[in-house]
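Residue numbers (the numbering used here), protein chains in the order written: chain E, 34 to 128; chain B, 3 to 474.
Beta carbons: idealized from backbone N, C-alpha and C, even for Gly.
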């Protein structure tokens, strides 16, 4: 499954990243190298193996639905690059 | 004042040697060793005020278990009102709104925080050359890397800039820099320490742990930070044992396995002979050493880089320039603002991993890569569980080589990833691991790694104590 220059452009768009053509060439090369290395997993027959998504034994973790103290709007907004009253402000959504 | 002296050793002299004088001495040493670039922020005045408060509490007989310890914190952990940059331009000047649970617990135990340490951006790297704020240098040889991603935390303890420090370990980021800098570094079992307040890289792998100049020092820190936290639902409710009382250094009858796959031709002669000496020493002291097999070892790096980058691409989606962090000045609409803020804010390695993670999760490839890797992860974990039916712990090299030169692996991401070959398996299996320094044939230190059963930090700490010369 070789990655092409066009694939790199598609992945970049999905990841909300942009690159120069030189960088895209570099990524095409590096991703292919890394992916050809990880192809070795296909040597293993895993048809009967359950995927492992969590490494320690845990059942569902529940808590009572009780309101706890939380950050005030003022504090939550304190790192905002741009704000308006108690809202985060962003550029227009439709360009 | 010997600033590399372990806390455990100077603790009995606290009444005559104040915490304030030790804190001042560390601050002076930080200024002298600025070329190491180990710190991203230093809490000069505040650390002294805290140290004075600890001295007062000590005099009144109400001081906590870590009174007199001066600790540095990797800049990926939130400390209220302090900057938390994660070594990234995208978080430059971000101020934390709350304390991570580990910070709360250390503060309550009367540790003094001296500053926050440099790191590979978002903990992605094995050399600390990926920091947006410049590389950290190895205190043993400034032309060499300290390891990563917790390179600043390791260098700080090795150079005597702090008594202990906190790092995080997603694929070896505590144990590998500990090995390269010649100190102790412990990655606890997944779930042993709360991750609340840790900026996430790969959530099913990340774990916080201590660096120190002795196994007892890291045990004392672990004792304080371990335990259930309702704010991290993956933290374990299992009780936390008394680690120090288990650390007699007596290894009589302890069964130690040597995984044969870890002693392949990739290992340097120097590391092999250092390990041989350590094994002989443990045998002489009554340990039962045997060979074991972890048959899926050759698949660990591939499995790790699929799963960890997938989780990272998802976790790092939050950096979009909306609520905090860097926002571009060159965007007319929202979509462009996201893309430009992220592209201008993230460094090369972070972008590479987001790209790889996005690819393996994308439509048509999820089953081939991500689901496949999750299945192989179970096989790798099963290897360890089988081995632990026969032995109490495993002894391996921490790294395939000693500290490499700055720039040596920067152009070849795959070679850099392969330097994690002996450490990533513990994160895949969720087991604890510790790196203990040993003198190599050359002047650079060699790391010996002990891996244990899940939640059995006590055994690996005890073997570390024996390797460090306890109970001789």
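Nearest chain B C-beta to residue i closer than 8 Å, yes or no?
i	result
residue 39(E)	no
residue 113(E)	yes
residue 79(E)	yes
residue 35(E)	no
residue 100(E)	no
residue 57(E)	no
residue 107(E)	no
residue 74(E)	yes
Please determine, among the options, the residue with the shortest C-alpha to C-alpha distance to residue i.
i	options	result
residue 133(B)	17(B), 144(B), 143(B) and 150(B)	150(B)
residue 409(B)	328(B), 22(B), 146(B) and 190(B)	146(B)
residue 92(E)	239(B), 105(B) and 272(B)	239(B)
residue 57(B)	156(B), 14(B), 69(B) and 257(B)	69(B)
residue 115(B)	351(B), 186(B), 158(B) and 187(B)	158(B)
residue 155(B)	188(B), 181(B) and 119(B)	119(B)
residue 122(B)	39(B), 194(B), 452(B) and 106(B)	39(B)
residue 109(B)	65(B), 126(B) and 464(B)	65(B)
residue 38(E)	53(E), 57(E) and 47(E)	57(E)
residue 75(B)	47(B), 104(B) and 339(B)	104(B)
residue 397(B)	307(B), 259(B) and 265(B)	259(B)
residue 204(B)	216(B), 4(B), 170(B) and 288(B)	170(B)
Using a Cβ cut-off of 8 Å, pull out every chain B residue sitting near residue i, in sequence order please.
i	result
residue 86(E)	206 and 376
residue 51(E)	341, 342 and 345
residue 42(E)	Going along chain B, no residue has its Cβ under 8 Å from residue 42(E), so there is no contact; the nearest lies around 11 Å.
Of all Cβ atoms in chain E, is any one closer than 8 Å to the Cβ of residue i?
i	result
residue 460(B)	no
residue 301(B)	yes
residue 230(B)	no
residue 323(B)	yes
residue 455(B)	no
residue 99(B)	yes
residue 222(B)	no
residue 379(B)	yes
residue 105(B)	no
residue 431(B)	yes
residue 333(B)	yes
residue 403(B)	no
Which residues in chain E sit within 9 Å of residue i, going by Cβ to Cβ distance?
i	result
residue 383(B)	85 and 88
residue 415(B)	63, 66 and 67
residue 424(B)	What residue 424(B) touches in chain E: nothing, since even the nearest Cβ is about 17 Å away.
Can you name the residues of chain E whose CB is closer than 7 Å to the CB of residue i?
i	result
residue 235(B)	94
residue 193(B)	89
residue 314(B)	Ordered by position in chain E, no residue passes the 7 Å Cβ test against residue 314(B), which lies about 11 Å from the chain.
residue 308(B)	71
residue 364(B)	44 and 47
residue 238(B)	89
What residues from chain E crowd round residue i, counting only those whose CB sits closer than 8 Å?
i	result
residue 96(B)	112
residue 428(B)	What residue 428(B) touches in chain E: nothing, since even the nearest Cβ is about 10 Å away.
residue 463(B)	Going along chain E, no residue has its Cβ under 8 Å from residue 463(B), so there is no contact; the nearest lies around 19 Å.
residue 329(B)	114 and 115
residue 373(B)	84
residue 326(B)	112, 113 and 114
Kindly identify the DSSP beta-bridge partner or partners of residue i.
i	result
residue 55(B)	Answer by DSSP bridge pairing: none, since residue 55(B) is not bridged.
residue 1(B)	Within the shown structure, residues of chain B are numbered from 3 to 474, placing residue 1(B) beyond reach of any answer.
residue 87(E)	DSSP lists no partner for residue 87(E).
residue 85(B)	97(B)
residue 294(B)	261(B)
Chain-ordered residues of the segment 335-361 of chain B with a beta carbon less than 9 Å from chain D: Absent from the structure is chain D; the protein chains it does hold are E and B.
Got a sec: which bits of the segment 276-306 of chain B sit with their beta carbon under 9 Å from any beta carbon on chain E, in order along the chain? Of all residues in the segment 276-306 of chain B, 298, 300, 301, 303, 304 and 305 have a Cβ within less than 9 Å of some Cβ in chain E.
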